[in-house]
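Top line first, the protein sequences correspond to chains A and B.
At position 240 of the first sequence (counting the first as 1) the number is 240 in the numbering used here, and the numbers step up by one without a gap.
In the numbering used here, each residue's number is its place in the second sequence (first place is 1) plus 307.
Even for Gly, the Cβ is constructed at its ideal location relative to N, Cα and C.
Inspection log for the structure reproduced underneath, given as structure tokens.
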Amino acid sequence: MSTVATPARGPRRRRKATKLKRRQTRLAWVLLVPSLAVVALVALYPLGKTVFQSFTDEEFLALNPASWVGLENYKDLWNDTIFRDSIWTTLKFTVITVSFEFVLGLTIALIVNSSFKGRGLMRAVMLVPWAIPTVVAAQMWKSMLQSNGVISDAGVRLHILSEPHAWIADPSTALAAVCAVDIWKTTPFVALLLLAGLQVIPRDLYEAAEVDGAKPLQQFWKITLPLLWPAIFVTLIFRTLDALRVFDVFYVFFGNRLGTQSMAIYAQSTIVGDGYVGYGAAISMAIFLVIALFVVIYLTSQRVVMR
Amino acid sequence: MSTASETAGRVVPPVSRSRVFWRSPLGKSFKRVPFYLLVVIVFVYALFPFAWALRCAFTPEGDLFSSPLQYIPHNPTLDNFKQAFQAEFFRKALLNSALVAGGVTILSLAIGSLAAFALGRFRFRGRSLVMYLMLSMTMFPSIAILGALYTMISGFGVGILEFPKLYDTLWALLFTYLIFTLPFTIWVLTSFMEALPGDLEEAAYVDGATPFQVFYKVLLPLLLPGLVTTGLLAFIAAWNEYLFALSFIQDPDKYTVPIAITSFVGESGSAFQQPWGTIMAATIIITVPLVALVLVFQRYILAGLTAGAVKG
């Protein structure tokens, strides 16, 4: 219990507390002004316009002006099998990449967090895949994954493969190929974020656990994980958000090839390729809703886990 | 170890040979073979693409895809690096990207840490609404908002509010990149703020410190590891951005790194025949300053840790 120096009587103290609370609330909003200004200046118009366009039949460079069509686009979207396929592809991509990135990233973060020689260099080097622009990384992997590329060549030479394989062209390995690139590129992001979360855990907690004779695995479950949950959830939310909006890698690998479209690729090909701005906006809204669903799931499970 | 097997060993005197082997130090290390195999696979997976990029950067253009593949170039060359450095737009792109990514990172950290102070240290009505509002900024695919952003940066007026014409300037990128860097910094920094012990600032408040003093004298130093990490990740996210840079920049002098790397043209001048060796050389070149950046800044990650030792 905190010892309050002034033994003030009930009502007075409460009034003081509410006054303090009101002051804090006002201060909080003042601190939020710059951020809210950025939202208003940068994001409000584009997002508002997307919402509006999704209810119109706007077309790129159309002769007649766009007209309000109500929920027409959304009705079409509901029966759009290409979009359904793209949701499915994106969901598979997201589940595979995020879970691999999380497990690998956490492992790397735990290793780098323990002190050993050269960990400074390791921390710098481990970030490098993330520092290569996605477009370039995707092209690099694409050339390696072609049937005359180095992966097939090395596989045949080491007798792992019986013949060269076109990993990207073959539909049965296309998703695995695109996941491999994303995991390679984005695990550093996850590792660095979790590492930062590990570093704010006070060292004396582990010392105390050591004195009490807790084993390393026990320390992980009882100290590390509970205190790491906030970092884990933020990491997972932003990774999932990015994975669900994946564009660059899919574009470099497959273009608009049917069957291997991500949701964002379908939105892009609808807006830019076909010029259906209104329908594309509805697709974007649907993407928004899918992402929102994931955010709700994460935040609900966070509340349950961190109780 | 398991006591059951030990007692069993005592009952049956001649312990089988294989069991002796698995208990010996050599056998114990054999048991860990699957683990080491996994480590090796992860290492190859992480590092092989770089080895290959290096190999491509040192291989003459004609030998790149020759069959059989040359794992180590027979006639190594520095031509690709020369070509990359000779391209003026590439050299300028390094500076442009540093400016844009650096600017947007500093801006996001400044604005975001204030917001994180509010969201992480105070409980008030509307708090979660603000959190979700920030997040929803990045929940749309970039392609959806591209058109509207284009309208905005090419001189846009709503009533009395007149937007300056930012098209084809680095300001356009600085401005639009906030859409994805700011929500990220706010959410991550807020989670760090929440993780700090609750009674930290109480002592300072009792001593009569103002909230702002508490913010930059008590909380900010403790948050340094978080600030550096978030800053690095936001910097690289901005450094990597492709679509906005491609759409809002025309002048080769203002290209950013991803645009510059993908605009190298081969000797034939055809857009379809990419000078792959040069592209790989350029890719190697751009990773060097970033590794240096991380090496410089990680001292502060550790510095933040020692600053955190305000026991009392």
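DSSP, read as helix, strand or coil, puts threonine 517(B) in coil.
Proximity of the stretch 442-452 of chain B to the stretch 284-298 of chain A meets the contact definition, three or more beta-carbon pairs being nearer than 8 angstroms. Interface flag for alanine 510(B) against chain A is unset, since no Cβ pair is found closer than 7 angstroms. Taking 7 angstroms as the threshold, the shortest C-beta distance from tryptophan 229(A) to chain B does not fall below it. For lysine 215(A), the secondary structure class from DSSP, reduced to helix, strand or coil, is coil.
C-alpha of aspartate 153(A) to C-alpha of valine 495(B): approximately 43 angstroms in a straight line. By the neighbour-count definition (other C-beta atoms within 10 Å, threshold 16), glutamate 58(A) is a buried residue.
The three-state secondary structure of glutamate 163(A), taken from DSSP, is coil. Listed along the chain, the chain A residues whose CB falls inside 8 angstroms of the CB of glutamine 390(B) amount to none; the nearest CB is some 16 angstroms away.
For glutamate 469(B), the secondary structure class from DSSP, reduced to helix, strand or coil, is strand.
Going by DSSP, arginine 326(B) is part of the alpha helix (DSSP H) stretching over 324-330. Just so you know, the alpha carbons of glycine 464(B) and phenylalanine 470(B) end up roughly 6 angstroms apart. Under the Cβ distance rule, valine 136(A) counts among the residues neighbouring chain B, one pair being separated by less than 7 angstroms. When rounded, the separation of the alpha-carbon atoms in alanine 408(B) and leucine 481(B) is 8 angstroms.
Burial check for threonine 300(A): the Cβ neighbour count within 10 Å stays below 16, so the residue is exposed.
Methionine 444(B) is a Cβ neighbour of isoleucine 486(B), given a cutoff of 7 angstroms. Distances from the CA of phenylalanine 60(A) to each of Gln302(A), Ser269(A), Ser143(A), Pro226(A) were compared; the closest alpha carbon is that of Ser269(A). Residue environment for tryptophan 78(A): exposed (fewer than 16 other C-beta atoms within 10 angstroms of its C-beta). The C-beta separation of threonine 97(A) from aspartate 182(A) comes to about 5 angstroms, placing the pair in contact by the 8 angstroms criterion. For glycine 334(B), the CB contacts under 7 angstroms within the same chain, skipping 5 residues up- and downstream, are Phe328 in chain order.
The Cβ atoms of valine 564(B) and isoleucine 592(B) do not sit closer than 7 angstroms to each other. Where lysine 49(A) is concerned, the enclosing alpha helix (DSSP H) starts and stops at 44-53. Contact annotation for tyrosine 549(B) against chain A: Pro133, Thr134, Val135, Asp248 [CB-CB distance below 8 angstroms, chain order]. Contact check between the stretch 188-200 of chain A and the stretch 217-234 of chain A: three or more CB pairs, one atom from each, fall below 8 angstroms, which counts as touching.
CA-to-CA, the gap between leucine 91(A) and leucine 602(B) works out to about 36 angstroms.
For serine 461(B), the secondary structure class from DSSP, reduced to helix, strand or coil, is strand. As a beta-bridge residue in DSSP terms, tryptophan 68(A) pairs with Thr56(A). The way I'd put it, the stretch 581-588 of chain B does touch the stretch 363-374 of chain B; three or more beta-carbon pairs between them come closer than 8 angstroms. With a cut-off of 8 angstroms on Cβ pairs, the stretch 524-532 of chain B is in contact with the stretch 502-513 of chain B, counting three or more such pairs. If the five residues before and after threonine 590(B) are omitted, its C-beta is found closer than 8 angstroms to the C-beta atoms of Ala360, Ala364, Ile568, all from its own chain and listed in chain order. Three or more Cβ pairs closer than 8 angstroms define a contact, and the stretch 115-134 of chain A falls short of that threshold against the stretch 167-179 of chain A. For arginine 303(A), the secondary structure class from DSSP, reduced to helix, strand or coil, is helix. Taking one beta carbon from each stretch, the stretch 250-261 of chain A and the stretch 153-173 of chain A have 3 or more pairs nearer than 8 angstroms; the two touch. Closest in alpha carbon position to methionine 306(A), among Ala62(A), Ile232(A), Lys185(A), Tyr279(A), is Ile232(A). For proline 341(B), there are no C-beta contacts with chain A under 7 angstroms, since the nearest C-beta of that chain is about 15 angstroms from it.
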